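Just so we're aligned, residue 8 is where the sequence shown starts under the numbering used here, counting upward by one. For each residue, glycine too, the CB sits at the ideal point set by N, CA and C. None of these values were measured; they are calculated from a predicted model. Input: a single structure, listed below in structure tokens.
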Amino acid sequence: MKEILCKKCETKLPNGNSVCPNCGSKSKLYKVTITDSAIFTENFGIKQKVKGFKNFMVEFISRHKSSGDMKKYPEGVIEERRIDKKNKTYYQKVIDKKTGKVTHFENESLLKHKD
Ligand SMILES: [Zn+2]
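Quick look at the structure:
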């Protein structure tokens, strides 16, 4: 969900409004809410980089891809993956795009996980 507010008075601005109708300010505040149930329609990835961790500390990826089994999953799958080096956890969820059912789920210690 995306909301655009006036940065000065926090009046909700309608789509495309460049000037606040309340105070005339041109500064904008973007509020973006991401919930667990959100389904991304595009590929999406976040990497949190922190000094002391190689490459990244937390990586989150959500991607659409075709399945190896086109008969079973004709519309492909959505893969969600989170690698958390700080808490040493590996999380992976694969969802059938057609039915929304989870076809693969892993949530385990990063130390035990092998690709
Ligand atoms: Zn305003």
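Unbroken beta strand (DSSP E) run spanning residue i, endpoints
| i | result |
| --- | --- |
| residue 9 | 9-13 |
| residue 114 | 109-116 |
| residue 97 | 96-103 |
| residue 84 | 84-91 |
| residue 69 | 65-72 |
| residue 54 | 51-55 |
Same chain only: Cβ atoms within 8 Å of residue i, ignoring 5 sequence neighbours per side
| i | result |
| --- | --- |
| residue 81 | 105 |
| residue 33 | 25, 26, 27 |
Beta-carbon proximity of residue i to residue j, cut-off 8 Å
| i | j | result |
| --- | --- | --- |
| residue 72 | residue 63 | no |
| residue 19 | residue 30 | no |
| residue 90 | residue 117 | yes |
| residue 83 | residue 74 | yes |
*asked:* Assess contact between the stretch 112-121 and the stretch 92-100, defined as three or more Cβ pairs (one per stretch) separated by less than 8 Å. Is contact present?
replied: yes
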